[in-house]
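Residue 973 in our numbering sits at position 49 of the sequence shown, and the numbers go up by one each step. We put the beta carbon where it would ideally sit given N, CA and C, even for glycine.
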Amino acid sequence: NLTCPLPLTTLDFLYNFSQSDLEIVWPCEIRFYWLSLQPFVKFVRFLLSFVTPFIIILGVLLNTISFVILSTPVLCETNLSLYLKALALSDNGALVFNYAVGIAKSHFIFVNNLFMNSRFLCGLNSITMEFFQFTSTWLVVVFTWTRLFAIMFPFGIYGHYNNCSGTITIAILICLSFIISLTKLYSEGYETDSVFEFIPCQKKIKPWGNAMYFYIALSTWLPLLFIFIGNILLIIHMKKTEKIRCQLTQNFGHKTNKIHHTSRTLFVVSTVYLVLLLPLGIVETLGLYWDIILIKFPDTEAKRKAEYIH
925 NLTCPLPLTT
935 LDFLYNFSQS
945 DLEIVWPCEI
955 RFYWLSLQPF
965 VKFVRFLLSF
975 VTPFIIILGV
985 LLNTISFVIL
995 STPVLCETNL
1005 SLYLKALALS
1015 DNGALVFNYA
1025 VGIAKSHFIF
1035 VNNLFMNSRF
1045 LCGLNSITME
1055 FFQFTSTWLV
1065 VVFTWTRLFA
1075 IMFPFGIYGH
1085 YNNCSGTITI
1095 AILICLSFII
1105 SLTKLYSEGY
1115 ETDSVFEFIP
1125 CQKKIKPWGN
1135 AMYFYIALST
1145 WLPLLFIFIG
1155 NILLIIHMKK
1165 TEKIRCQLTQ
1175 NFGHKTNKIH
1185 HTSRTLFVVS
1195 TVYLVLLLPL
1205 GIVETLGLYW
1215 DIILIKFPDT
1225 EAKRKAEYIH
(Lines of atoms letter the chains of each structure in order from A and count residues from 1; the text may use other names and numbers.)
(Lines give C-alpha, C1' and ligand atoms only; values in the text may rest on other atoms or scores of the structure.)
Protein backbone atom coordinates (compact mmCIF):
# COMPACT_ATOMS: atom_id res chain seq x y z
CA ASN A 1 0.00 0.00 0.00
CA LEU A 2 2.82 2.35 -1.01
CA THR A 3 0.53 4.85 -2.76
CA CYS A 4 -1.47 5.70 0.36
CA PRO A 5 -1.38 9.47 0.96
CA LEU A 6 -1.54 8.90 4.72
CA PRO A 7 1.68 7.61 6.32
CA LEU A 8 1.67 5.03 9.08
CA THR A 9 2.51 7.78 11.56
CA THR A 10 -1.13 8.89 11.19
CA LEU A 11 -1.87 5.99 13.51
CA ASP A 12 -0.48 7.79 16.54
CA PHE A 13 -1.30 4.92 18.88
CA LEU A 14 1.37 2.70 17.30
CA TYR A 15 4.73 2.65 19.05
CA ASN A 16 6.69 0.11 16.98
CA PHE A 17 7.01 1.04 13.30
CA SER A 18 9.74 -1.50 12.59
CA GLN A 19 7.34 -4.37 11.98
CA SER A 20 7.40 -5.52 8.37
CA ASP A 21 3.67 -6.22 8.01
CA LEU A 22 2.32 -2.84 9.15
CA GLU A 23 1.28 -1.86 5.62
CA ILE A 24 -0.87 -4.99 5.43
CA VAL A 25 -2.23 -4.81 8.97
CA TRP A 26 -3.08 -1.10 8.67
CA PRO A 27 -4.18 -0.50 5.06
CA CYS A 28 -5.03 2.93 3.70
CA GLU A 29 -8.78 2.57 4.31
CA ILE A 30 -8.24 2.03 8.02
CA ARG A 31 -5.94 5.05 8.24
CA PHE A 32 -8.61 7.27 6.68
CA TYR A 33 -11.19 5.82 9.06
CA TRP A 34 -8.91 6.57 12.01
CA LEU A 35 -8.49 10.12 10.73
CA SER A 36 -12.28 10.54 10.61
CA LEU A 37 -12.47 9.51 14.28
CA GLN A 38 -10.00 12.15 15.45
CA PRO A 39 -12.59 14.56 16.97
CA PHE A 40 -13.96 11.76 19.13
CA VAL A 41 -10.47 10.45 19.93
CA LYS A 42 -9.29 13.90 21.04
CA PHE A 43 -12.35 14.29 23.25
CA VAL A 44 -11.76 10.90 24.92
CA ARG A 45 -8.07 11.70 25.41
CA PHE A 46 -9.04 15.00 27.02
CA LEU A 47 -11.34 13.19 29.44
CA LEU A 48 -8.66 10.63 30.30
CA SER A 49 -5.98 13.28 30.80
CA PHE A 50 -7.90 15.90 32.78
CA VAL A 51 -11.23 14.50 34.04
CA THR A 52 -10.06 11.05 35.13
CA PRO A 53 -7.41 12.39 37.59
CA PHE A 54 -10.09 14.55 39.23
CA ILE A 55 -12.41 11.54 39.56
CA ILE A 56 -9.59 9.45 41.03
CA ILE A 57 -8.71 12.09 43.64
CA LEU A 58 -12.37 12.64 44.52
CA GLY A 59 -13.05 8.90 44.73
CA VAL A 60 -10.03 8.20 46.95
CA LEU A 61 -10.96 11.15 49.19
CA LEU A 62 -14.61 10.07 49.58
CA ASN A 63 -13.66 6.44 50.19
CA THR A 64 -11.16 7.51 52.83
CA ILE A 65 -13.75 9.71 54.55
CA SER A 66 -16.25 6.82 54.45
CA PHE A 67 -13.68 4.47 55.99
CA VAL A 68 -12.94 6.93 58.81
CA ILE A 69 -16.63 7.53 59.55
CA LEU A 70 -17.41 3.81 59.50
CA SER A 71 -14.53 3.22 61.94
CA THR A 72 -16.09 5.41 64.64
CA PRO A 73 -17.29 3.54 67.77
CA VAL A 74 -20.94 4.18 66.95
CA LEU A 75 -20.80 2.53 63.52
CA CYS A 76 -17.89 0.09 63.63
CA GLU A 77 -19.88 -2.50 65.58
CA THR A 78 -22.32 -3.19 62.74
CA ASN A 79 -21.67 -5.99 60.28
CA LEU A 80 -22.56 -3.77 57.33
CA SER A 81 -19.87 -1.24 58.28
CA LEU A 82 -17.27 -4.02 58.10
CA TYR A 83 -18.21 -4.78 54.50
CA LEU A 84 -18.41 -1.11 53.56
CA LYS A 85 -14.94 -0.45 55.04
CA ALA A 86 -13.52 -3.37 53.07
CA LEU A 87 -15.27 -2.04 49.96
CA ALA A 88 -13.83 1.45 50.50
CA LEU A 89 -10.29 0.05 50.74
CA SER A 90 -10.79 -2.18 47.71
CA ASP A 91 -12.25 0.67 45.65
CA ASN A 92 -9.28 2.86 46.55
CA GLY A 93 -6.97 0.09 45.39
CA ALA A 94 -8.85 -0.14 42.09
CA LEU A 95 -8.70 3.63 41.58
CA VAL A 96 -4.96 3.73 42.27
CA PHE A 97 -3.76 0.62 40.44
CA ASN A 98 -6.29 0.52 37.58
CA TYR A 99 -6.36 4.23 36.77
CA ALA A 100 -3.80 6.37 38.61
CA VAL A 101 -0.91 4.07 37.68
CA GLY A 102 -2.18 3.95 34.08
CA ILE A 103 -2.23 7.74 33.85
CA ALA A 104 1.27 7.94 35.36
CA LYS A 105 2.60 5.35 32.88
CA SER A 106 1.00 7.24 30.01
CA HIS A 107 2.26 10.73 30.89
CA PHE A 108 5.66 9.96 32.41
CA ILE A 109 8.07 7.80 30.42
CA PHE A 110 10.29 7.09 33.43
CA VAL A 111 7.31 5.58 35.30
CA ASN A 112 6.48 3.26 32.41
CA ASN A 113 10.15 2.33 32.08
CA LEU A 114 10.08 1.08 35.67
CA PHE A 115 7.49 -1.49 34.65
CA MET A 116 9.13 -2.22 31.30
CA ASN A 117 12.47 -2.99 32.97
CA SER A 118 11.09 -5.02 35.87
CA ARG A 119 9.27 -8.27 35.28
CA PHE A 120 8.24 -8.29 38.94
CA LEU A 121 6.58 -4.84 38.77
CA CYS A 122 4.93 -5.73 35.47
CA GLY A 123 3.43 -8.91 36.90
CA LEU A 124 2.48 -7.22 40.16
CA ASN A 125 0.66 -4.48 38.27
CA SER A 126 -1.31 -7.03 36.25
CA ILE A 127 -2.33 -8.88 39.41
CA THR A 128 -3.33 -5.80 41.42
CA MET A 129 -5.40 -4.39 38.55
CA GLU A 130 -7.50 -7.53 38.55
CA PHE A 131 -7.45 -8.20 42.29
CA PHE A 132 -9.04 -4.97 43.51
CA GLN A 133 -11.73 -4.86 40.84
CA PHE A 134 -12.69 -8.51 41.36
CA THR A 135 -12.70 -8.11 45.16
CA SER A 136 -14.89 -4.99 45.07
CA THR A 137 -17.41 -6.64 42.77
CA TRP A 138 -17.84 -9.78 44.85
CA LEU A 139 -17.86 -7.83 48.13
CA VAL A 140 -21.05 -6.18 46.91
CA VAL A 141 -22.49 -9.61 46.07
CA VAL A 142 -21.58 -11.01 49.49
CA PHE A 143 -22.99 -8.22 51.61
CA THR A 144 -26.13 -8.00 49.44
CA TRP A 145 -26.97 -11.63 50.13
CA THR A 146 -25.79 -11.46 53.75
CA ARG A 147 -28.25 -8.65 54.42
CA LEU A 148 -30.98 -10.48 52.50
CA PHE A 149 -30.55 -13.64 54.60
CA ALA A 150 -30.54 -11.54 57.78
CA ILE A 151 -33.96 -10.15 56.81
CA MET A 152 -35.35 -13.49 55.61
CA PHE A 153 -34.17 -15.45 58.68
CA PRO A 154 -33.90 -12.91 61.53
CA PHE A 155 -33.94 -15.62 64.22
CA GLY A 156 -31.76 -18.13 62.41
CA ILE A 157 -28.02 -18.31 61.90
CA TYR A 158 -28.02 -15.15 59.80
CA GLY A 159 -29.75 -13.27 62.56
CA HIS A 160 -26.63 -13.83 64.69
CA TYR A 161 -24.19 -13.10 61.88
CA ASN A 162 -21.45 -11.17 63.70
CA ASN A 163 -18.29 -9.28 62.80
CA CYS A 164 -16.14 -12.37 63.29
CA SER A 165 -18.09 -14.25 60.62
CA GLY A 166 -17.93 -11.20 58.37
CA THR A 167 -14.16 -11.00 58.79
CA ILE A 168 -13.80 -14.68 57.88
CA THR A 169 -16.00 -14.20 54.81
CA ILE A 170 -13.96 -11.20 53.64
CA ALA A 171 -10.69 -13.09 54.24
CA ILE A 172 -11.91 -16.05 52.15
CA LEU A 173 -13.04 -13.70 49.39
CA ILE A 174 -9.66 -11.93 49.37
CA CYS A 175 -7.82 -15.26 49.08
CA LEU A 176 -10.03 -16.42 46.20
CA SER A 177 -9.67 -13.07 44.44
CA PHE A 178 -5.89 -13.24 44.73
CA ILE A 179 -5.77 -16.77 43.32
CA ILE A 180 -7.96 -15.78 40.37
CA SER A 181 -5.90 -12.63 39.82
CA LEU A 182 -2.76 -14.75 39.42
CA THR A 183 -4.15 -15.90 36.06
CA LYS A 184 -3.28 -12.45 34.71
CA LEU A 185 0.35 -13.54 34.71
CA TYR A 186 -0.51 -16.00 31.94
CA SER A 187 -3.28 -14.32 29.99
CA GLU A 188 -3.73 -10.81 28.67
CA GLY A 189 -5.73 -8.34 30.69
CA TYR A 190 -6.52 -4.63 30.67
CA GLU A 191 -2.79 -3.80 30.84
CA THR A 192 -2.10 -4.92 27.25
CA ASP A 193 -4.86 -2.81 25.70
CA SER A 194 -5.07 0.13 28.06
CA VAL A 195 -7.07 3.19 27.06
CA PHE A 196 -4.24 5.28 28.50
CA GLU A 197 -2.08 4.29 25.48
CA PHE A 198 1.15 3.46 27.26
CA ILE A 199 3.55 0.82 25.94
CA PRO A 200 2.52 -2.41 27.70
CA CYS A 201 5.15 -4.33 29.61
CA GLN A 202 3.19 -7.55 29.35
CA LYS A 203 3.30 -9.39 26.05
CA LYS A 204 0.02 -10.39 24.51
CA ILE A 205 -0.73 -14.00 25.28
CA LYS A 206 -3.38 -15.97 23.45
CA PRO A 207 -6.60 -16.23 25.52
CA TRP A 208 -7.41 -19.57 27.10
CA GLY A 209 -10.18 -20.49 24.65
CA ASN A 210 -13.41 -21.46 26.38
CA ALA A 211 -11.90 -20.70 29.80
CA MET A 212 -12.13 -17.00 28.95
CA TYR A 213 -15.92 -17.30 28.72
CA PHE A 214 -15.96 -18.65 32.27
CA TYR A 215 -13.65 -15.88 33.46
CA ILE A 216 -15.81 -13.10 31.99
CA ALA A 217 -18.93 -14.70 33.48
CA LEU A 218 -17.22 -14.93 36.87
CA SER A 219 -16.03 -11.31 36.85
CA THR A 220 -19.10 -9.61 35.33
CA TRP A 221 -22.25 -11.54 34.46
CA LEU A 222 -22.49 -13.77 37.55
CA PRO A 223 -22.03 -10.83 39.97
CA LEU A 224 -24.56 -8.84 37.94
CA LEU A 225 -27.06 -11.69 38.16
CA PHE A 226 -26.54 -12.23 41.90
CA ILE A 227 -26.75 -8.50 42.70
CA PHE A 228 -29.90 -8.07 40.58
CA ILE A 229 -31.69 -11.08 42.08
CA GLY A 230 -30.54 -10.12 45.58
CA ASN A 231 -31.88 -6.58 45.20
CA ILE A 232 -35.24 -7.81 43.90
CA LEU A 233 -35.62 -10.23 46.81
CA LEU A 234 -34.47 -7.52 49.23
CA ILE A 235 -37.19 -5.15 48.01
CA ILE A 236 -39.84 -7.89 48.25
CA HIS A 237 -38.93 -8.87 51.81
CA MET A 238 -38.59 -5.25 52.96
CA LYS A 239 -42.11 -4.54 51.70
CA LYS A 240 -43.38 -7.72 53.35
CA THR A 241 -41.74 -6.75 56.65
CA GLU A 242 -43.23 -3.24 56.49
CA LYS A 243 -46.67 -4.71 55.86
CA ILE A 244 -46.38 -7.00 58.89
CA ARG A 245 -45.23 -4.12 61.10
CA CYS A 246 -48.10 -2.01 59.81
CA GLN A 247 -50.53 -4.65 61.01
CA LEU A 248 -48.87 -5.04 64.41
CA THR A 249 -48.34 -1.43 65.47
CA GLN A 250 -49.61 2.02 64.65
CA ASN A 251 -46.18 3.54 65.15
CA PHE A 252 -44.50 1.35 62.54
CA GLY A 253 -43.22 4.14 60.30
CA HIS A 254 -40.36 5.42 62.48
CA LYS A 255 -39.26 1.95 63.54
CA THR A 256 -39.30 0.59 60.01
CA ASN A 257 -37.21 3.45 58.72
CA LYS A 258 -34.68 2.89 61.49
CA ILE A 259 -34.51 -0.87 61.02
CA HIS A 260 -34.31 -0.79 57.22
CA HIS A 261 -31.89 2.12 56.97
CA THR A 262 -28.93 -0.25 56.49
CA SER A 263 -30.87 -2.27 53.91
CA ARG A 264 -31.61 0.87 51.92
CA THR A 265 -27.95 1.93 52.13
CA LEU A 266 -26.90 -1.48 50.87
CA PHE A 267 -29.50 -1.33 48.10
CA VAL A 268 -28.13 2.00 46.84
CA VAL A 269 -24.52 0.78 46.87
CA SER A 270 -25.30 -2.48 45.09
CA THR A 271 -27.49 -0.73 42.51
CA VAL A 272 -24.65 1.67 41.68
CA TYR A 273 -22.35 -1.32 41.15
CA LEU A 274 -25.01 -2.96 39.02
CA VAL A 275 -25.15 0.08 36.73
CA LEU A 276 -21.35 0.41 36.55
CA LEU A 277 -20.67 -3.29 36.01
CA LEU A 278 -23.17 -3.81 33.18
CA PRO A 279 -21.24 -1.81 30.52
CA LEU A 280 -18.03 -3.63 31.48
CA GLY A 281 -19.72 -6.99 31.01
CA ILE A 282 -21.11 -5.96 27.64
CA VAL A 283 -17.74 -4.63 26.43
CA GLU A 284 -15.82 -7.71 27.59
CA THR A 285 -18.34 -10.07 26.01
CA LEU A 286 -18.36 -8.18 22.71
CA GLY A 287 -14.56 -8.04 22.77
CA LEU A 288 -14.31 -11.80 23.24
CA TYR A 289 -16.95 -12.41 20.54
CA TRP A 290 -15.00 -10.13 18.19
CA ASP A 291 -11.67 -11.83 18.93
CA ILE A 292 -12.98 -15.37 18.49
CA ILE A 293 -15.99 -15.29 16.15
CA LEU A 294 -15.76 -12.14 14.03
CA ILE A 295 -11.99 -11.83 13.78
CA LYS A 296 -10.54 -11.45 10.29
CA PHE A 297 -6.84 -11.52 9.59
CA PRO A 298 -4.97 -9.13 7.26
CA ASP A 299 -4.40 -10.46 3.75
CA THR A 300 -3.16 -9.23 0.39
CA GLU A 301 -5.83 -11.12 -1.57
CA ALA A 302 -8.60 -8.71 -2.62
CA LYS A 303 -11.61 -10.55 -1.17
CA ARG A 304 -10.00 -11.36 2.17
CA LYS A 305 -8.56 -7.88 2.40
CA ALA A 306 -12.05 -6.40 1.91
CA GLU A 307 -13.42 -8.69 4.65
CA TYR A 308 -10.61 -7.63 6.96
CA ILE A 309 -11.19 -3.91 6.36
CA HIS A 310 -14.96 -4.04 6.74
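Practice task
Count the other C-beta atoms from every protein chain shown that fall within 10 angstroms of the C-beta of G1211, then say buried if there are 16 or more, exposed otherwise.
Solution key: exposed
Exercise for the section: Compute the Euclidean distance between the alpha carbons of K1167 and G1154, then round it to the nearest angstrom. Expected result: 20 Å
Problem - Buried/exposed call for P929, threshold 16 Cβ in 10 Å - result: exposed
Handout entry: Candidates F1152, E953, V1066, of which the one nearest L1198 by Cα
Key = F1152
Practice task
Pick helix, strand or coil for F941, following the three-state DSSP scheme.
Solution key: coil
Handout entry: Exposure label - N1003; buried when at least 16 CB within 10 Å
Key = buried
Handout entry: Per-residue burial, I981 [other beta carbons within 10 Å of its own, 16 or more giving buried]
Key = exposed
Problem - Inter-residue Cα distance where the pair is P997 and V1193 - result: 22 Å
Practice task
To the nearest angstrom, report how far apart N1041 and Y1110 are at their CA atoms.
Solution key: 18 Å
Problem - Extent of the continuous alpha helix (DSSP H) to which K1009 belongs - result: 1003 to 1018
Practice task
Check whether the Cβ atoms of P1147 and V1066 lie closer than 7 Å to each other.
Solution key: no
Handout entry: CB-CB length for S1101 against F1073, believed under 8 Å
Key = Not quite, the Cβ-Cβ distance comes to about 22 Å (not below 8 Å), so this is no contact.
Practice task
For the alpha helix (DSSP H) containing K966, list its first residue and its last residue.
Solution key: 962 to 970
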